[in-house]
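*Asks:* So that we are looking at the same thing, I have put the structure below in C-alpha cells.
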Amino acid sequence: MCEWGEDEEEATDPLALEAERALSIEEVVKALLQGLGEDHESVRNWWLVLVYDIVQSISSFEPIFSVIGYKQKAKDIVQGALFPEAGLNSGVDHAGGVGGLVVVHDINLFSYCESCLLPFSIKCHVGYVPSGGRVVGLSKLSRVADVFARRFQDPKRLASEVCAALHNSINPAGVAVSL
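No gaps in the numbering here: position 14 of the sequence shown is 14 in UniProt numbering, and each next residue is one more.
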C-alpha cells in the first residue's frame, strides 16, 4: 500500500483519533493550569493526576463535563425510527391522531453554559406535526434534545438548535420546542 493510503487509514482509526483527541485535551489542560500560575516544571504527582483525571472526565461517557453530544448527530438518531403513521390507510378520518401534533413534554436536560461553564438544568417540551405519512418514535425526540444539551451550550440557543435538527432530519410540517 502506498504511503498516502497508510496515512488515510491512520486518520480514520477510531483509537488513533481518540488518543489524538485526549492528547490535545491534555495540552489545553496543562496550558490552563500554567496560565493560573501552576509550576509544571516541578512535576508534582498531584498535578499529573489532576491533568489525567480531567482528560479522562472530558473524554469518557460519564464525564464531569458531559459533552458526548459532539459525537452524535440528530439525523443518525431518527434515521431508523421513522414509522408509517397509524390510520392513514384505514379510511377513517383522523384516526390514530393522523395529522395531529405529536408532543413529548417534561424532558429533563442538563448542560454546561458555553460562556461560563456553569451547569444548568432545564425542562424541555418538543412537539411536531408529522408529514409524509411518517412519524418518529417518541423517545427519539428526547434523545435529539439530549444530544444538543450534551454539548457546551448557550441556553438561549438550545431550543432553536433542537428545532432545526428535527426539522432537517424528519421533515415535519412544523416543529416547536419550548424550554
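Heads up, the beta-carbon is just placed ideally off N, CA and C, and yes, glycines get one too.
These numbers come from a predicted model, not from an experiment.
1) A176 and Y128: beta carbons closer than 9 Å?
2) Looking at C-beta atoms only, is the number of pairs between the stretch 72 to 84 and the stretch 139 to 150 that lie closer than 8 Å three or more?
3) Indicate the three-state DSSP secondary structure (helix, strand or coil) for Q79 in the structure shown.
4) Could you check which residue in V28, V126, E85, S115 has the C-alpha nearest to that of I54?
5) According to the Cβ coordinates, are I122 and P155 closer than 9 Å?
6) With DSSP run on the structure shown, which of helix, strand or coil describes K123?
7) For G35, which of helix, strand or coil comes out of DSSP?
8) Can you give me the C-alpha to C-alpha distance between G174 and D146, rounded to a whole angstrom?
9) Less than 9 Å between the beta carbons of F152 and Y112, yes or no?
10) Bridge partners for R134 per DSSP, in chain order?
11) Among S131, H125, P130, which has the Cα closest to the Cα of V162?
12) Quick one: grab the DSSP three-state call for N168.
*Replies:* For this structure:
1) Indexing the sequence shown from 1 puts residue 176 at position 176. Indexing the sequence shown from 1 puts residue 128 at position 128. Y128 is positioned such that its CB atom lies closer than 9 Å to that of A176.
2) Touching, per the Cβ criterion.
3) The count along the sequence shown starts at 1 and reaches residue 79 at position 79. DSSP places Q79 in helix when its eight states are reduced to three.
4) Residue numbering aside, residue 54 sits at position 54 when the sequence shown is read from its first letter. Looking at the Cα atoms, V28 is the closest of the given residues.
5) Locating residue 122 in the sequence shown gives position 122, counting from the first residue. Locating residue 155 in the sequence shown gives position 155, counting from the first residue. Contact: yes.
6) On the sequence shown, residue 123 is found 123 positions in, with the first residue counted as 1. It is a strand residue.
7) By 1-based counting over the sequence shown, the position of residue 35 is 35. In the structure shown, G35 sits in a helix (DSSP, three-state: H, G or I).
8) In the sequence shown, counting from the first residue as 1, residue 174 sits at position 174. In the sequence shown, counting from the first residue as 1, residue 146 sits at position 146. Each residue's Cα considered, the two are about 20 Å apart.
9) Looking up residue 152 in the sequence shown gives position 152. Looking up residue 112 in the sequence shown gives position 112. Contact flag set, yes.
10) Taking the sequence shown and counting its residues from 1, one reaches residue 134 at position 134. P84, S131, per the DSSP bridge assignment.
11) As a first step, residue 162 is located in the sequence shown; it is residue number 162 there, counting from the start. When each option's Cα is compared against that of V162, the closest is H125.
12) The residue given as residue 168 occupies position 168 in the sequence shown. N168 falls in the helix class under three-state DSSP.
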